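Asks: Here you go, one structure.
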Amino acid sequence: MLIDSGVNLRIVQTNHIFFFFFFFFFFCGQNSKIVLFFFFVDQDELLWAAAWLHRATDDKSYLDYLGQAGNTGGARTEFSWDDKFVGAQVLVAKAEQFICSCIQKGNSNVKKTPGGLLWFLPFNNLQYTTTATLIATVYSEYLSPKRASIQCSGGIVQSSALLDLARSQVDYILGSNPNGMSYMVGFGSKYPTQVHHRGASIVSIKKDPSPVACQAGFDAWFNMNAPNPNVLDGAIVGGPNDSDGYTDSRSNFQMAEAATVNTAPLVGVLAKLA
Ligand SMILES: *[C@@H]1O[C@H](CO)[C@@H](O)[C@H](O)[C@H]1NC(C)=O
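What the sequence shown shows, in the numbering used here, is residues 516 to 789, in sequence order.
This is the structure in structure tokens:
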């Protein structure tokens, strides 16, 4: 990582909220569209950046920034692309409330489905499960060499229990669940066949070279009630609802959409468990 610490420090030392927006311009026949995406960089990202920059540079000013931060997030209910407080908290060993609630020994525990999946939100829930699983794994690694444990309000938690939690979540995602279905596409004998993903749901030009017209991606392919022509190996879908139910339908984007944020945390977890 190449770091211009002068520039980064200035960014990290201000408490202002940064605000980016991106333009996307779609031109499709009569249906031109401009879509604006807004991104905020707030306190969680500044702390996350400072924690990593301290690791990378050993520059004490980043640590001072973390120490002086008025808002370190407190007890969080998720770790995600839009809420990185838990990530920063782990880097400075302060994420224990979140971990206690994941392992069901906190004051306000994360919900579990009857089949045992950590369940946070209806829209693409597995993104939160995989990040929580990564946090449990990383924290177990952190505690283990020190033979340390976490004191939760519901009791003491050993590092081995955190790894057991991580393993249980990975087992569920890969098929040990009431549906007997792997939520990692291409893994096992039963997995989602209608992943909400344009590249996977439109046939390869190598198989069918006839042009796909502007709207045909929707008309001919999105709405086709058949398995995707391309298997999106390794993708993790949004996953089941809070009753372990899953509908394998491309239009059910809450359950069927795959995202890099779902899969990326599991890479670290599998590196530990495999
Ligand atoms: C969960 O999903 C299944 C399958 O789509 C559905 O039958 C069930 O009604 C859903 N349960 C809830 C509580 O939404």
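Yeah, the Cβ is synthetic: ideal placement off N, Cα and C, and Gly gets one too.
Computed from a predicted structure; not experimentally measured.
Going by DSSP, what residues sit across from Ile650 in a beta bridge?
Replies: Locating residue 650 in the sequence shown gives position 135, counting from the first residue. Looking at the DSSP assignment, Ile650 forms no beta bridge with any residue, so it has no partner.
Asks: Kindly indicate which three-state DSSP category Glu772 falls into: helix, strand or coil?
Replies: One-based indexing of the sequence shown puts residue 772 at position 257. Reduced to three states, the DSSP call for Glu772 is strand.
Asks: Which runs of the alpha helix (DSSP H) spanning at least 4 residues fall entirely within the stretch 630–713, listed in chain order?
Replies: As far as the stretch 630–713 is concerned, its whole alpha helix (DSSP H) runs of at least 4 residues are 641–658, 674–688.
Asks: How do the stretch 706–715 and the stretch 733–748 stand: do at least 3 beta-carbon pairs fall below 8 Å, yes or no?
Replies: yes
Asks: If we ignore side chains and look at the alpha-carbon of each, how far apart do Ala728 and Asp557 end up?
Replies: The residue given as residue 728 occupies position 213 in the sequence shown. The residue given as residue 557 occupies position 42 in the sequence shown. C-alpha separation (whole angstroms): 41 Å.
Asks: Going by C-alpha distance, which of Gly669, Phe702, Ser675 is nearest Tyr687?
Replies: Taking the sequence shown and counting its residues from 1, one reaches residue 687 at position 172. Of the listed residues, the one whose Cα sits closest to Tyr687 is Phe702.
Asks: Taking the DSSP output, what are the residues bridged to Lys722?
Replies: Within the sequence shown, residue 722 is the residue found at index 207, counting from 1. Answer by DSSP bridge pairing: none, since Lys722 is not bridged.
Asks: Nearest to Ala590 by alpha carbon, out of Ala735, Ser623, Gln730?
Replies: Residue mapping note: residue 590 aligns to position 75 of the sequence shown, counting from 1. For Ala590, the nearest C-alpha among the options comes from Ser623.
Asks: Measure from the C-beta of Trp736 to each C-beta in chain C and report whether the shortest distance is under 9 Å.
Replies: This model lacks chain C altogether, as it is built from one protein chain only.
Asks: Answer with buried or exposed for Phe638, where buried requires no fewer than 16 other C-beta atoms within 10 angstroms of its C-beta.
Replies: Your numbering for residue 638 matches position 123 in the sequence shown. Phe638 should be labelled exposed.
Asks: List the whole-angstrom C-beta distance separating Ser685 from Val784, where the pair is believed to meet the contact cut-off of C-beta under 8 Å.
Replies: Taking the first residue of the sequence shown as position 1, residue 685 is located at position 170. Taking the first residue of the sequence shown as position 1, residue 784 is located at position 269. The sequence shown places Val at residue 685, rather than the Ser named in the question. Indeed, because the Cβ distance is near 6 Å, the residues count as touching under 8 Å.
Asks: Is it true that the stretch 642–650 meets the stretch 772–780, where meeting means three or more beta-carbon pairs spaced less than 8 Å apart?
Replies: Contact between the stretch 642–650 and the stretch 772–780 is present, because at least three Cβ pairs lie under 8 Å.
Asks: According to DSSP, simplified to helix, strand and coil, what is Ile614?
Replies: Residue 614 sits at position 99 when you count from the first residue of the sequence shown. Reduced to three states, the DSSP call for Ile614 is helix.
Asks: Does the distance between the C-beta of Asn756 and the nearest non-hydrogen atom of ligand 1 fall short of 8 Å?
Replies: Taking the sequence shown and counting its residues from 1, the one referred to as residue 756 is at position 241. Yes - ligand 1 has a heavy atom lying nearer than 8 Å to the Cβ of Asn756.
Asks: Select from Asn640, Ala750, Ile618, Ile720 the residue whose C-alpha is nearest the C-alpha of Val672.
Replies: As a working mapping, residue 672 is identified with position 157 in the sequence shown. Ranking Asn640, Ala750, Ile618, Ile720 by Cα distance to Val672 puts Ile618 first.
Asks: Which residues in the same chain have their Cβ closer than 8 Å to the Cβ of Asp759, if we skip the five residues on either side of it in sequence?
Replies: Within the sequence shown, numbered from 1, the residue matching residue 759 stands at position 244. If we look at Asp759 and ignore the five residues flanking it on each side, its Cβ neighbours are Thr628, Pro629, Gly630, Leu632, Asn692, Pro693, Asn694.
Asks: Can you name the start and end residues of the alpha helix (DSSP H) that Phe600 belongs to?
Replies: By one-based count along the sequence shown, residue 600 stands at place 85. Per DSSP, Phe600 belongs to the alpha helix (DSSP H) from 600–606.
Asks: What are the start and end residues of the alpha helix (DSSP H) that includes Trp736?
Replies: For the purposes of this step, residue 736 is taken as residue 221 along the sequence shown, with counting starting at 1. Element bounds for Trp736: n/a, residue is neither H nor E.
Asks: Taking 8 Å as the line, does the beta carbon of Gly630 fall inside it for any heavy atom of ligand 1?
Replies: Numbered from its first residue, the sequence shown carries residue 630 at position 115. No, Cβ of Gly630 sits at least 8 Å from all heavy atoms of ligand 1.
Asks: So, under 8 Å CB-CB, Ala698 and Leu641 are touching, yes? Tell me the CB distance rounded to an integer number of Å.
Replies: One-based indexing of the sequence shown puts residue 698 at position 183. One-based indexing of the sequence shown puts residue 641 at position 126. Note on residue identity: the sequence assigns Tyr, not Ala, to residue 698. Right, their Cβ atoms sit about 6 Å apart.
Asks: Could you tell me the alpha carbon to alpha carbon distance between Pro655 and His569, rounded to whole angstroms?
Replies: Counting from one through the sequence shown, the residue named residue 655 turns up at place 140. Counting from one through the sequence shown, the residue named residue 569 turns up at place 54. For the sequence presented, residue 655 should be read as Ser rather than Pro. Rounded to the nearest angstrom, the two C-alpha atoms are 22 Å apart.
Asks: Between the alpha carbons of Arg525 and Ser659, how many angstroms are there, rounded?
Replies: Mapped onto the sequence shown, residue 525 falls at position 10. Mapped onto the sequence shown, residue 659 falls at position 144. Annotation note: pLDDT 40 at Arg525 (below 50); position unreliable, coordinate value reported separately. So the alpha carbons of these two residues sit roughly 36 Å apart.
Asks: Which residue wins for smallest C-alpha separation from Gly749, given the options Gln730, Thr762, Ala715?
Replies: Counting from one through the sequence shown, the residue named residue 749 turns up at place 234. Checking every option, the nearest Cα to that of Gly749 belongs to Ala715.
Asks: With C-beta atoms as the reference, is Val607 less than 9 Å away from Ser616?
Replies: For the purposes of this step, residue 607 is taken as residue 92 along the sequence shown, with counting starting at 1. For the purposes of this step, residue 616 is taken as residue 101 along the sequence shown, with counting starting at 1. Cβ atoms of Val607 and Ser616: not closer than 9 Å.
Asks: If you follow the alpha helix (DSSP H) that Glu560 is in, where does it begin and where does it stop?
Replies: For the purposes of this step, residue 560 is identified with residue 45 of the sequence shown, where counting begins at 1. Residues 558–572.
Asks: Alpha carbon to alpha carbon, what distance is there between Lys599 and Gly754?
Replies: Along the sequence shown, read from residue 1 onward, the residue named residue 754 stands at position 239. Along the sequence shown, read from residue 1 onward, the residue named residue 599 stands at position 84. Going from the Cα of Gly754 to the Cα of Lys599 covers about 22 Å.
Asks: Using the Cβ count rule (16 or more neighbours within 10 Å means buried), how would you classify Arg662?
Replies: For the purposes of this step, residue 662 is taken as the residue at position 147 of the sequence shown. Answer is exposed; the Cβ neighbour count stays below 16.
Asks: For the alpha helix (DSSP H) holding Tyr577, just list the boundary residues, first then last.
Replies: Here residue 577 refers to the residue found at position 62 when the sequence shown is read from its first residue. Residues 575–583.
Asks: Using 9 Å as the threshold, is the C-beta distance between Trp634 and Ala603 below it?
Replies: Walking along the sequence shown from the start, residue 634 turns up at place 119. Walking along the sequence shown from the start, residue 603 turns up at place 88. Contact: no.
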